[in-house]
Amino acid sequence: MIELYQLRWSHYVEKVRWALDFKGLAWRAIDIVAYKKQEMSRFPCAQTVPLIHDASTGVALSDSSPILRYLDEAYPEQPLLPADPVAREEAWQWMLRLDSTLGLQARRLGYTQLIMECPDALPRLFMTQPFGGLFARPVWRSLAAPVLGMMLTKRFRFDRNRQDRIYERLENLLLPLAQMLERNAYVMGEKLSAVDITLASLLRPLRIVPHFSHHPRLQGLFVWQQRLFRSHGRDAAYPYETMIEAQRQRSGAMRGRVSWMETPSTTAADAERSRAVAANDQHSVNGLSLFKAWPGYLKLRWFSGVGKQVYSPAPYLEA
Numbered sequence: 099m100i101e102l103y104q105l106r107w108s109h110y111v112e113k114v115r116w117a118l119d120f121k122g123l124a125w126r127a128i129d130i131v132a133y134k135k136q137e138m139s140r141f142p143c144a145q146t147v148p149l150i151h152d153a154s155t156g157v158a159l160s161d162s163s164p165i166l167r168y169l170d171e172a173y174p175e176q177p178l179l180p181a182d183p184v185a186r187e188e189a190w191q192w193m194l195r196l197d198s199t200l201g202l203q204a205r206r207l208g209y210t211q212l213i214m215e216c217p218d219a220l221p222r223l224f225m226t227q228p229f230g231g232l233f234a235r236p237v238w239r240s241l242a243a244p245v246l247g248m249m250l251t252k253r254f255r256f257d258r259n260r261q262d263r264i265y266e267r268l269e270n271l272l273l274p275l276a277q278m279l280e281r282n283a284y285v286m287g288e289k290l291s292a293v294d295i296t297l298a299s300l301l302r303p304l305r306i307v308p309h310f311s312h313h314p315r316l317q318g319l320f321v322w323q324q325r326l327f328r329s330h331g332r333d334a335a336y337p338y339e340t341m342i343e344a345q346r347q348r349s350g351a352m353r354g355r356v357s358w359m360e361t362p363s364t365t366a367a368d369a370e371r372s373r374a375v376a377a378n379d380q381h382s383v384n385g386l387s388l389f390k391a392w393p394g395y396l397k398l399r400w401f402s403g404v405g406k407q408v409y410s411p412a413p414y415l416e417a
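Quick note on numbering: the sequence shown equals residues 99 to 417 in our numbering.
Here you go:
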């Protein structure tokens, strides 16, 4: 039995869940408390999610791509990586590149979208267990939401989305992928691989970011993702997708007009360099830094430069 320590809504965790199911392995999920992670403290590896503990081998391992590689080596049936060493290394570099670019940037913009439109979703994601579910109640939820929003803003620097050209860098990464997948069913080869699972899983947060989910040149990419989700039983909406969708239907609006991107982006894509490990974008947060996060959070909430537009479902949903 494999234990998977998870934040249920994490797109990196979904990547591992999908691989476990694809291989037909016996596993169980263990939900952790995000800001404590005590459930994982007994393991010698990095205390990050996803983390697996394989009882049959004694291996404990974190980070989604190394986990997929381990699963392929320990359980070679239903392979996710090519047998050819050159192709295997190519697939590995694809995974690390997507982890280090799409995964980080999609997470950053997904949380940004929740803060701008539906901050009450944050306590429902992060604080359902503490104090007997106290923060699941509307009044306490409204008090906790700004604090969580500030913590996340400081940890991931959402207030620097414009300076860091996150929208532009993601657009430049995804447009060539969309073109490639109009011609091919999979990123590599003629069947599903770990690269496809990585791309489809890490793309999920952008389903709530209108700049991407409604982008006319990216509809084919989301249709490709939707096809894989349906054929592999991954198409159930995540809680944050349901929450923000309900908010948009109530208000009739969504935040999708990125004011500084009125002309096509000329920002260079992230360099395609060889990687040994995936990048990380988290920064430490303490009491003083949290207090200093107020201006950035308020700017993100009300003056982000991402304007309102009339709500409409993403076109790919009707394809």
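The beta carbon of each residue, even a glycine, is placed where N, CA and C say it ideally should be.
Look at residue i and residue j and say whether their C-beta atoms are less than 8 Å apart.
i, j, result
"Ala412", "Ile295", "no"
"Val404", "Arg355", "yes"
"Thr210", "Phe141", "no"
"Cys46", "Leu169", "Past the boundaries of the shown model lies residue 46; the chain is included only from 99 to 417, so the question cannot be answered."
"Leu272", "Leu326", "no"
"Val293", "Ala417", "no"
"Met286", "Glu188", "yes"
"Leu105", "Arg115", "no"
"Leu200", "Leu300", "yes"
"Arg305", "Glu339", "yes"
"Leu223", "Trp392", "no"
"Glu112", "Arg302", "yes"
What are the partner residues of residue i, as DSSP defines its beta bridges?
i, result
"Leu105", "DSSP, once it has assigned bridges, lists no residue as partnering Leu105."
"Gln407", "Met352"
"Asp129", "Gln104"
Excluding sequence positions up to five away, which residues of its chain have a Cβ less than 6 Å from the Cβ of residue i?
i, result
"Asp197", "Ser163 and Ala376"
"Asp218", "Arg239 and Ala243"
"Ala298", "Gln323 and Leu326"
Roughly how many whole angstroms lie between the Cα atoms of residue i and residue j?
i, j, result
"Asp161", "Arg205", "15 Å"
"Ala153", "Gln203", "33 Å"
"Thr251", "Ile213", "9 Å"
"Ala124", "Lys390", "46 Å"
"Glu175", "Gly122", "9 Å"
"Lys134", "Thr146", "11 Å"
"Leu415", "Leu386", "44 Å"
"Phe254", "His109", "16 Å"
"His151", "Leu194", "22 Å"
"Glu215", "Asp262", "21 Å"
"Leu290", "Gly350", "38 Å"
"Leu149", "His309", "32 Å"
"Met359", "Val157", "46 Å"
"Pro183", "Leu396", "50 Å"
"Glu266", "Arg353", "17 Å"
"Ala132", "Arg348", "30 Å"
"Ser311", "Asn384", "34 Å"
"Thr155", "Ala172", "9 Å"
Once you ignore the five residues that flank residue i on each side, which residues in its own chain have a CB closer than 7 Å to its CB?
i, result
"Gln191", "Ser372 and Arg373"
"Ala276", "Arg315, Leu316, Gly318 and Leu319"
"Ser402", "Met214"
"Asp129", "Gln104 and Arg106"
"Val408", "Gly350 and Ala351"
Can you list, in chain order, the residues of its chain with a C-beta nearer than 8 Å to that of residue i? Leave out the 5 residues immediately preceding and following it.
i, result
"Phe120", "Gln176, Leu178, Leu290, Ile295 and His330"
"Ser357", "Gly403, Val404 and Gly405"
"Ala335", "Glu343"
ask   = Unbroken beta strand (DSSP E) runs of length 3 or more, entirely within the segment 146-213: which are they?
value = 149-152 and 157-160
request  = Enumerate, from N- to C-terminal direction, the unbroken alpha helix (DSSP H) stretches of 4 or more residues contained entirely within the segment 217-281.
outcome  = 219-224, 228-231, 236-254 and 264-281
Every unbroken alpha helix (DSSP H) inside the segment 290-357 [4 residues or more] = 292-300, 308-311, 317-329 and 337-349
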